[in-house]
Amino acid sequence: MNLPDALDAATQAAQAPIPRCADGPVFSAPWEAQAFAMTLRLHEQGAFTWKEWAHTLSTVIREAQAAGDPDDGATYYTHWLTALERIIAQKRLVAHDQLETRRAALYRAARATPHGEPIRLENDPEFRA
Amino acid sequence: MSDEHHAHHHHDHDHDHGSELSPMDLRVRALESILVEKGYVDPAAIDALVEMYETRVGPRNGAQVVARTWADADFRDWLRRDASAAIASMGFEGRQGEHMVAVENTPEEHNLVVCTLCSCYPWPVLGLPPTWYKSAPYRSRAVIDPRGVLAEFGVSLPETTRIRVWDSTAEMRYLVIPMRPEGTQGWSQEKLADLVTRDAMIGTGLARDPASLASGEDAA
Numbered sequence: 001m002n003l004p005d006a007l008d009a010a011t012q013a014a015q016a017p018i019p020r021c022a023d024g025p026v027f028s029a030p031w032e033a034q035a036f037a038m039t040l041r042l043h044e045q046g047a048f049t050w051k052e053w054a055h056t057l058s059t060v061i062r063e064a065q066a067a068g069d070p071d072d073g074a075t076y077y078t079h080w081l082t083a084l085e086r087i088i089a090q091k092r093l094v095a096h097d098q099l100e101t102r103r104a105a106l107y108r109a110a111r112a113t114p115h116g117e118p119i120r121l122e123n124d125p126e127f128r129a
Numbered sequence: 130m131s132d133e134h135h136a137h138h139h140h141d142h143d144h145d146h147g148s149e150l151s152p153m154d155l156r157v158r159a160l161e162s163i164l165v166e167k168g169y170v171d172p173a174a175i176d177a178l179v180e181m182y183e184t185r186v187g188p189r190n191g192a193q194v195v196a197r198t199w200a201d202a203d204f205r206d207w208l209r210r211d212a213s214a215a216i217a218s219m220g221f222e223g224r225q226g227e228h229m230v231a232v233e234n235t236p237e238e239h240n241l242v243v244c245t246l247c248s249c250y251p252w253p254v255l256g257l258p259p260t261w262y263k264s265a266p267y268r269s270r271a272v273i274d275p276r277g278v279l280a281e282f283g284v285s286l287p288e289t290t291r292i293r294v295w296d297s298t299a300e301m302r303y304l305v306i307p308m309r310p311e312g313t314q315g316w317s318q319e320k321l322a323d324l325v326t327r328d329a330m331i332g333t334g335l336a337r338d339p340a341s342l343a344s345g346e347d348a349a
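As they're listed, the protein sequences go chains A and B. Numbering of the first sequence is given in this note's numbering, commencing with residue 1 and proceeding in unit increments. Numbering of the second sequence is given in this note's numbering, commencing with residue 130 and proceeding in unit increments.
What follows is the structure in structure tokens.
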């Protein structure tokens, strides 16, 4: 992101109406709640300070805005999860590669799990305990 | 090809009946499974936290603080001196409520709270922020044009009322104490709390009109 992009995004935001739809539930999907709660637990265990967290989250939001995200609040937890993945990589808790590998395994496990049954990592055909 | 045959094939086209995870589910589950394996998070603790924020932490807490501030002069003094301690004494403490400042509306000055960078918000008293609080238009315009923002929320203040905007940070959270409506002398704190809306405690609203309680009108 460069400065003109950021300014441009900020100008657009300044002109858009504030999205005031009716208040929905606190979380609109389970993954939002899980990403939120994991962040709190990691913070409470001293994995990062809340100041570091707020800095990472605001950086991710700024980057997304500059890249064309409407940033109307609906994508907020997407930014939250991106920030969580970033801060734990920075803190060397979970490496990016490790996440990628696990996602691929879970994807295969899901494909191999009959619809309606719980998706377990062991269902991955390439799973090795 | 018979219709029956066709229908069967349609269902079977990719040769499996597997499940699918959305991209976001996949990312969260991958992360959670690794964190659980490493012992950084406990699934039961995660569930308990979610349940707490979905059901128990919300603006009813803040409304009780405001009602007590209106009704109890000693509490008001304490809130002015040390809002974090005064609020914690009511059992509303913990995450993101460690450094609270209460800002009181007067006929001369109206307070409006924003977090321009992300979404810092006093969780113990207000719960998690509404979508609009997290949106770029609110975050930028609350600072540039607070009067215009208030108008969008249906609030118009006298020209002589100054609007003071407070930018929350990771260290400092604000709770707006709206003005106590006229005609509420002698009301119980419980009844007063019904006049206090979430928006009134952010500053994008005012306390409800006492007459609206009788008519059963609802407000955000």
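The beta carbon of each residue, even a glycine, is placed where N, CA and C say it ideally should be. Values in this document were obtained by computation on a predicted structure and should not be read as measured data.
Looking at chain A, is there any beta carbon in it that lies within less than 8 Å of the beta carbon of residue i?
| i | result |
| --- | --- |
| B/His142 | Note that B/His142 scores a pLDDT of 44, beneath 50, so its modelled location is shaky; the value from the coordinates is reported in the next line. Not one chain A Cβ lies under 8 Å of B/His142. |
| B/His138 | Legend: pLDDT at B/His138 = 42, less than 50; position of this residue unreliable, value from coordinates given subsequently. No, B/His138 does not count as interfacial toward chain A. |
| B/Asp323 | no |
| B/Thr260 | yes |
| B/Pro275 | no |
| B/Leu279 | no |
| B/Leu160 | yes |
| B/Pro266 | yes |
Quick one: give me the first and last residue of the alpha helix (DSSP H) that residue i is part of.
| i | result |
| --- | --- |
| B/Asn190 | Pro188 to Ala200 |
| B/Val165 | Pro152 to Glu166 |
| A/Arg108 | His96 to Arg111 |
| A/Glu44 | Pro30 to Glu44 |
| B/Val254 | Trp252 to Leu255 |
| A/Thr78 | Tyr76 to Gln90 |
| B/Gln318 | Gln318 to Ala322 |
| B/Arg327 | Arg327 to Ile331 |
| A/Thr49 | Where A/Thr49 is concerned, there is no enclosing alpha helix (DSSP H), given that its DSSP letter is neither H nor E. |
| B/Thr260 | Thr260 to Lys263 |
| B/Ile216 | Ala212 to Ala217 |
Throw me the rounded Cβ distance for the residue i and residue j pair, which I believe falls under 8 Å.
| i | j | result |
| --- | --- | --- |
| A/Glu126 | A/Arg108 | 6 Å |
| B/Val294 | B/Val272 | 6 Å |
| B/Ala214 | B/Ala231 | Their Cβ separation, rounded to whole angstroms, is 11 Å, which puts B/Ala214 and B/Ala231 out of contact at 8 Å. |
| B/Ala253 | B/Arg224 | Residue 253 of chain B is actually Pro in this sequence, not Ala. B/Pro253 to B/Arg224, Cβ: 7 Å. Contact. |
| B/Glu238 | B/Arg291 | 5 Å |
| A/Lys51 | B/Glu300 | 7 Å |
| B/Pro251 | B/Gly226 | 6 Å |
With 8 Å as the threshold, decide whether the Cβ of residue i is near any Cβ in chain B.
| i | result |
| --- | --- |
| A/Ile119 | yes |
| A/Gly68 | no |
| A/Ile61 | yes |
| A/Phe48 | no |
| A/Arg41 | yes |
| A/Thr122 | This sequence places Glu at residue 122 of chain A; Thr is not what is there. Chain B, which has no Cβ nearer than 8 Å to the Cβ of A/Glu122, makes this no. |
| A/Glu85 | yes |
| A/Pro17 | yes |
Three-state secondary structure (DSSP) at residue i?
| i | result |
| --- | --- |
| A/Val60 | helix |
| B/Asp274 | coil |
| B/Tyr169 | coil |
| B/Trp295 | strand |
| B/Leu286 | coil |
| B/Arg302 | strand |
| B/Ala349 | Below a pLDDT of 50, predicted positions are generally treated as unreliable, and B/Ala349, at 47, falls in that range; the measurement from the model is reported next regardless. If DSSP states are grouped into helix, strand and coil, B/Ala349 belongs with coil. |
Between which two residues does the beta strand (DSSP E) holding residue i run?
| i | result |
| --- | --- |
| B/Ala231 | Met229 to Glu233 |
| A/His115 | Unbroken run through A/His115: none, as it is neither H nor E. |
| B/Leu241 | Glu238 to Val243 |
With three or more C-beta pairs closer than 8 Å as the rule, is the stretch 283-300 of chain B touching the stretch 157-171 of chain B? no
Does the structure place the stretch 256-268 of chain B close enough to the stretch 70-90 of chain A that three or more beta carbon pairs sit under 8 Å? yes
Is the stretch 187-202 of chain B touching the stretch 287-307 of chain B in the sense that three or more CB pairs, one from each, lie closer than 8 Å? yes
Contact between the stretch 246-256 of chain B and the stretch 31-49 of chain A is defined here as three or more beta-carbon pairs at a separation below 8 Å; is this criterion met? no
Between the stretch 85-97 of chain A and the stretch 52-71 of chain A, can you find at least three pairs of beta-carbon atoms closer than 8 Å? yes
For the stretch 194-210 of chain B and the stretch 311-322 of chain B, state whether three or more C-beta atom pairs, one from each stretch, are separated by less than 8 Å. yes
Are the stretch 171-179 of chain B and the stretch 98-107 of chain A touching, with three or more C-beta to C-beta distances below 8 Å? no
So, does the stretch 107-122 of chain A touch the stretch 61-71 of chain A, judging by three or more C-beta pairs under 8 Å? no
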